[in-house]
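As C-alpha cells, the structure follows; a few thoughts come after it.
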Amino acid sequence: MPPKDTQPKYRQIADYLRDGILDGTFPAGQPLPSEEALAKQFGVTRPTVRQGLAELRASGLVEAIMGRGTFARSPHSRPGLTRPRGVRRASDGRYIEADGIRWADAEPPVATRTDAPMALADLLRIPPGEPMFTYDALQTADNGRLRQLHRTYVPFSVLIDSKYEEEAPPPAPELYAALADLGHELHFTEYVRTRMPLPDQAQALRLADGVPLLHVLRVTLTQTDKPLALEEFHLPGDELELSFRL
C-alpha cells in the first residue's frame, strides 16, 4: 500500500496543478479545472482550492481573469508590464522617472513628523529616532489601471540652514529640484525585494490573494554619497518586471 500523502490538501492541489503546468498537461493560456471540479476531485471545500491556487499565483504560474476563470501561465512567459527604473533631469530642470509614467495622487500628500526606524536610519546614516518629514500617497496612472504606494522621508538634519527649517519641503519627485536648488548634485540608489503585502496594502493596490509586492527603496544622495532622502515604493508583483540600465 503506497504511503499516504500527509501534505495539507491545498498544497496537494498546488503540486498537482504545478506539475501539470510544467509538463504541459495544462498548456499556457488554457483554463485550469474549475474550483468546483478540483474541490470534488480532492474532496475539499472551494476555499481550500483557492488557497492552493493562491500559492501558484504567487509564483506566477497561474492568472485569474475576472469572469473567465483561472488560466495556466508558462514559467518563461513575459510579464504584462515592464517598467524602466531611474531618474533623469530634463532640460527645464525637472526630474523625470525613466518609465515616463505620469502618476496622480489619489489625495494631496500631507507632511507628517515621524521618527526614523532602525532600518531606514541605517540607509540614511542618521541616528535611529531622528525626526523626519514623511509623505504618504496612493498613486494611480492609466485611468487607475496602474497603482503604487509611495512614501517620501526627509530627515530634519538635511534641512538645517535652509528655508525648509521653517516650512516643509515638497514630496518627491518635486523634492529633487528642491534639493538641487540647495546646491546638491544628486544621484540615486535603489534596493529591490519582494514580500507579501499587509492587508491594507493589498486592499489599496487591489491585489488578489497570494500576490506579492515589489518593495523598492530609493535613496537620494549627494555627489559625495551623503544620503539626503529616502523613498519607499510598493508595487504589485504579479504582472510587473523592473528594468535597470547599467
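Just so we're aligned: the sequence shown equals residues 1 to 246 in the UniProt record's numbering.
Just so you know, even glycine gets a beta-carbon here, dropped at the ideal spot from N, CA and C.
Keep in mind the model is a prediction, meaning the values are calculated, not measured.
- request: Please work out which residues of its chain come closer than 6 angstroms, Cβ to Cβ, to V192, disregarding the five sequence neighbours upstream and downstream, and give them in chain order.
  value: Position 192 of the sequence shown, counting from 1, holds the residue named residue 192. So the list reads V216, once near-sequence residues are dropped.
- request: Kindly list the residues whose CB is nearer than 7 angstroms to the CB of I13, restricted to its own chain and excluding five residues on each side of it in sequence; keep chain order.
  value: For the purposes of this step, residue 13 is taken as the residue at position 13 of the sequence shown. Contacts found: L38, F42, V49 and G52.
- request: Kindly indicate the opening and closing residues of the beta strand (DSSP E) around D142.
  value: If you number the sequence shown from 1, residue 142 lands on position 142. Unbroken run through D142: none, as it is neither H nor E.
task: Pull up the CB-CB distance for E190 and P79, whole angstroms please, since I reckon it's below 8 angstroms.
output: Within the sequence shown, the letter at position 190 stands for residue 190. Within the sequence shown, the letter at position 79 stands for residue 79. Actually they do not touch by this definition, with Cβ atoms about 18 angstroms apart.
message: Within 9 angstroms of any Cβ in chain C, is that where the Cβ of P117 sits?
response: The chain labelled as chain C is not found in the depicted structure, where only one protein chain is given.
message: Just verifying my parser: in three-state terms, what is the DSSP assignment at T152?
response: Taking the sequence shown and counting its residues from 1, one reaches residue 152 at position 152. Three-state result, T152: strand.
- prompt: Is the region 80–92 touching the region 105–125 in the sense that three or more CB pairs, one from each, lie closer than 8 angstroms?
  reply: no
task: Check whether the Cβ atoms of F71 and P8 sit closer than 9 angstroms, and answer yes or no.
output: Position 71 of the sequence shown holds residue 71. Position 8 of the sequence shown holds residue 8. Not a contact, by the Cβ cut-off of 9 angstroms.
- prompt: Within this structure, are the beta carbons of T220 and Y176 separated by less than 9 angstroms?
  reply: By one-based count along the sequence shown, residue 220 stands at place 220. By one-based count along the sequence shown, residue 176 stands at place 176. Yes, these two residues count as a Cβ contact at 9 angstroms.
- request: Determine contact between the region 57–74 and the region 152–162, defined as no fewer than three beta-carbon pairs at a distance below 8 angstroms.
  value: no
task: Note down the Cα distance separating W103 from R94, rounded to an integer number of angstroms.
output: To locate residue 103, count along the sequence shown from 1; it is residue 103. To locate residue 94, count along the sequence shown from 1; it is residue 94. Rounded to the nearest angstrom, the two C-alpha atoms are 15 angstroms apart.
query: Can you name the start and end residues of the beta strand (DSSP E) that T220 belongs to?
result: Here residue 220 refers to the residue found at position 220 when the sequence shown is read from its first residue. Element bounds for T220: L213 to L221.
query: Tell me, which residues are paired with T134 by DSSP?
result: The residue labelled residue 134 in the question sits at position 134 within the sequence shown. Beta-bridge pairing links T134 to T112 and Y153.
Backbone CA spacing between M1 and Y16 [nearest angstrom]: Locating residue 1 in the sequence shown gives position 1, where the first residue counts as 1. Locating residue 16 in the sequence shown gives position 16, where the first residue counts as 1. The predicted model places M1 with a pLDDT of 39, which falls under 50 and marks its position as unreliable, so this point remains unresolved.
query: Taking the alpha-carbon positions, what's the P128 to L120 distance?
result: Numbered from 1 along the sequence shown, position 128 holds the residue referred to as residue 128. Numbered from 1 along the sequence shown, position 120 holds the residue referred to as residue 120. If you take the alpha carbons of P128 and L120, they lie about 8 angstroms apart.
message: My parser needs the alpha helix (DSSP H) runs of 4 or more residues fully inside the UniProt domain "HTH gntR-type" (7–75); what are they?
response: 9–22, 35–42 and 46–58
message: Which residues does DSSP list as the beta-bridge partners of R83?
response: Position 83 of the sequence shown, counting from 1, holds the residue named residue 83. R83 is bridged to L242.
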